[in-house]
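Asks: Got a structure here, written out as structure tokens. Questions coming.
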Amino acid sequence: MKDESRAKRLKKFALIVPGLLILLSLGGVWFFGSRLSAPAPAAVGNCPIDLACESVEIPSESGSKLKGWYLRGQSGKGTIVLMHGLRSNRLALVDRMRFLRAKGFFVLAFDFQGSGESPGDQLTFGYRERLDAEAAVRFARTRRPDAKIGVIGISMGGAAFLLSNEMPPVDAVTLELVYPTMRAAIENRLNNWFFSGADRLTPLLSVQFSPRIGVSVDDLRPIDRISAVSAPVLVIGGGIDPFTTAEESKQLFEAANEPKQLWIVEGAGHEDLWKFRARDYQDRVLQFFEPILNETAPGEKNDKNNSSCNCLDDNSRKPGDGLDPGTNKD
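The opening residue of the sequence shown carries number 195 in the working numbering; numbering runs sequentially from there.
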């Protein structure tokens with residue numbers, strides 16, 4: 195009798211445990227999704243004094259008022275709009291601002307909605323941020339209607355640029371560590387954050403996209419949109435990037451129109467590529483932008499008071515280890 199009762203208890207326990215594990219897994223994955231999409235506010239503070247930035251506020255159709263810095267350059271030079279990665283902000287762009295400014299470019303750096311000092315209640319991996327990317331480029335065009343415009347989009351920033359439906363025309367685009375599809379980005383992160391094979395949990399994360407941000411994970415496919423970019427494109431990938439693999443960067447490059455360039459940075463992960471290889475990064479980016487953007491715009495005058503800066507190019511700086519370039523904690 196006791197054995198029979200014990201057998202019943204064991205059978206009941208065997209039925210309950212899998213259900214509890216499923217509930218715990220679902221709860222854990224939902225919590226994980228909440229952490230990933232939570233806003234990343236930060237006190238950015240003042241622009242470095244050597245850059246003499248103008249603080250700007252840019253209204254966006256995302257509902258946010260984007261906080262940013264605008265640097266004046268030299269006549270005959272283009273404007274370059276910098277777009278940071280996930281859970282980062284414009285502070286991560288200061289080194290790029292310095293070397294671009296040293297070469298005379300006008301520069302706009304801003305915080306995406308929900309990041310830095312720009313208000314927002316959720317990060318959307320490029321979906322809502324695409325509206326911010328459009329607003330920033332429109333701002334740059336309004337400031338200098340006749341000047342050429344370049345874009346540097348880093349990880350999510352590049353995805354936001356590509357996902358745009360109404361991006362104003364630009365003249366050159368650099369895309370760094372940009373995921374080709376959101377589904378691949380999730381799979382790569384699960385396998386690297388947890389264990390090989392954890393990508394089997396992808397459906398549990400993917401299903402959260404519609405209730406959280408109102409769009410399917412399969413709608414976030416920058417690789418399907420890059421062919422709409424008519425401007426020259428420079429695609430940069432990390433040779434050992436576990437989150438956006440070198441092969442995925444090559445796929446993004448293959449999908450782009452000519453003229454296009456590809457640079458796989460050997461030994462680099464998903465990190466700030468300027469910090470990883472500063473001199474090479476500067477040379478590659480400038481060689482790409484300068485022939486396209488350096489053209490005198492009618493009626494512009496040289497801003498002699500803001501034509502130079504101290505530029506950092508220390509090739510010995512160590513790479514970061516962040517989830518996205520510009521952050522060392524995710």
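Cβ coordinates follow ideal geometry from the N, Cα and C atoms, glycine included.
CA-CA distance, Glu-442 and Leu-456?
Replies: 12 Å
Asks: From Asp-326 to Cys-241, what distance separates their C-alpha atoms?
Replies: Asp-326 and Cys-241 have their C-alpha atoms some 21 Å from each other.
Asks: Is the beta carbon of Ala-353 sitting closer than 9 Å to the one on Leu-414?
Replies: yes
Asks: Comparing C-alpha positions only, which one of Tyr-373, Asp-289 and Val-331 sits nearest to Lys-360?
Replies: Note on residue identity: the sequence assigns Glu, not Lys, to residue 360. The shortest C-alpha separation from Glu-360 is found at Val-331.
Asks: Mark Asn-283 as exposed unless 16 or more other C-beta atoms lie within 10 angstroms of its C-beta, in which case mark it buried.
Replies: buried
Asks: Helix, strand or coil: which one does DSSP assign to Leu-280?
Replies: coil
Asks: Quick test of the definition: if touching needs 3 or more C-beta pairs under 8 Å, does the region 297-316 touch the region 367-376?
Replies: no
Asks: On the three-state DSSP scale, how would you describe Val-211?
Replies: Confidence is the limiting factor: at Val-211 the pLDDT is only 46, short of 50, which leaves the residue's position unreliable, though a coordinate-based value still follows. Helix.
Asks: So the candidates are Leu-467, Ala-366, Lys-261 and Phe-299; which of them puts its Cα closest to the Cα of Gly-433?
Replies: Leu-467
Asks: Sort Phe-319, Glu-465, Ala-422 and Asp-435 by Cα distance to Val-411 and report the nearest one.
Replies: Phe-319
Asks: Which residues does DSSP list as the beta-bridge partners of Phe-304?
Replies: Gly-262
Asks: Report the three-state DSSP secondary structure of Asp-315 (helix, strand or coil).
Replies: The answer is coil: DSSP assigns Asp-315 none of H, G, I, E or B.
Asks: Give me the Cα-Cα distance between Thr-439 and Ile-380, rounded to the nearest whole angstrom.
Replies: Their Cα atoms are separated by approximately 12 Å.
Asks: CA-CA distance, Phe-437 and Ser-404?
Replies: 23 Å
Asks: Count the other CB atoms within 10 Å of the CB of Glu-370; is the residue buried (16 or more) or exposed (fewer)?
Replies: buried
Asks: Who are the Cβ neighbours of Ser-400 in its own chain at under 7 Å, not counting the five residues just before and after it?
Replies: In its chain, beyond the 5 residues on either side, Arg-377, Ile-380 and Val-411 have a beta carbon closer than 7 Å to the beta carbon of Ser-400.
Asks: For Gly-347, does the three-state DSSP call read helix, strand or coil?
Replies: The answer is strand: DSSP assigns Gly-347 an E or B state.
Asks: Find out if the Cβ-Cβ distance for the pair Ala-472, Asp-289 is shorter than 9 Å.
Replies: yes
Asks: Pull up the CB-CB distance for Arg-322 and Ser-269, whole angstroms please, since I reckon it's below 8 Å.
Replies: The Cβ separation is near 36 Å, so there is no contact.
Asks: Find the nearest neighbour of Ala-425 within the set Lys-261, Leu-230 and Gly-344, judged by alpha-carbon distance.
Replies: Gly-344
Asks: Given Gly-314, which residues of its chain have a CB within under 8 Å of its CB, disregarding the five upstream and five downstream residues?
Replies: Excluding positions up to five away in sequence, the list reads Pro-233, Ser-256, Gly-257, Ser-258, Phe-306, Gln-307, Gly-308 and Arg-322.
Asks: In chain order, what are the residue ranges of uninterrupted alpha helix (DSSP H) at least 4 long that sit wholly in the region 444-473?
Replies: Runs found: 467-470.
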